[in-house]
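> Counting in the working numbering, the sequence shown runs from 1 upward without gaps.
Note that the Cβ used here is the ideal one computed from N, Cα and C, for glycine as well.
Values in this document were obtained by computation on a predicted structure and should not be read as measured data.
What follows is a structure written as structure tokens; I'll ask about it next.
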Amino acid sequence: MDVLRVRDDEKPTSTFMKSGVPGIIIGVIVLIAICVCTFFLWRNRRRDTREARVGREWNA
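Here's what the structure looks like:
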């Protein structure tokens with residue numbers, strides 16, 4: 001039964017890791033990354049639409 005006891009040289013898990021704050025921080029970073037990618041995709045699609053419209057007018 002000595003195996004189940006915590007040894008003196010082992011550090012217990014910190015309360016910071018148990019609090020869920022690291023998960024919240026990672027979630028916020030992932031959300032920001034998704035928003036940035038979505039913004040760039042939207043901006044590029046808008047630019048491509050504008051260029052296609054100008055190309056059609058120029059070719060007409």
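1) How big is the Cα-Cα spacing for W42 and G23?
2) With DSSP collapsed to three states, give me the class of G23.
3) Among residues of its own chain, excluding the 5 on either side of I32, which ones have a beta-carbon nearer than 7 angstroms to its beta-carbon?
According to the data block:
1) Here residue 42 refers to the residue found at position 42 of the sequence shown. Here residue 23 refers to the residue found at position 23 of the sequence shown. Answer to the nearest angstrom: the Cα atoms are 28 angstroms apart.
2) Taking the first residue of the sequence shown as 1, we reach residue 23 at position 23. In this structure, G23 counts as helix in the three-state DSSP scheme.
3) On the sequence shown, position 32 is the one that residue 32 refers to. Result list for I32: empty, nothing under 7 angstroms.
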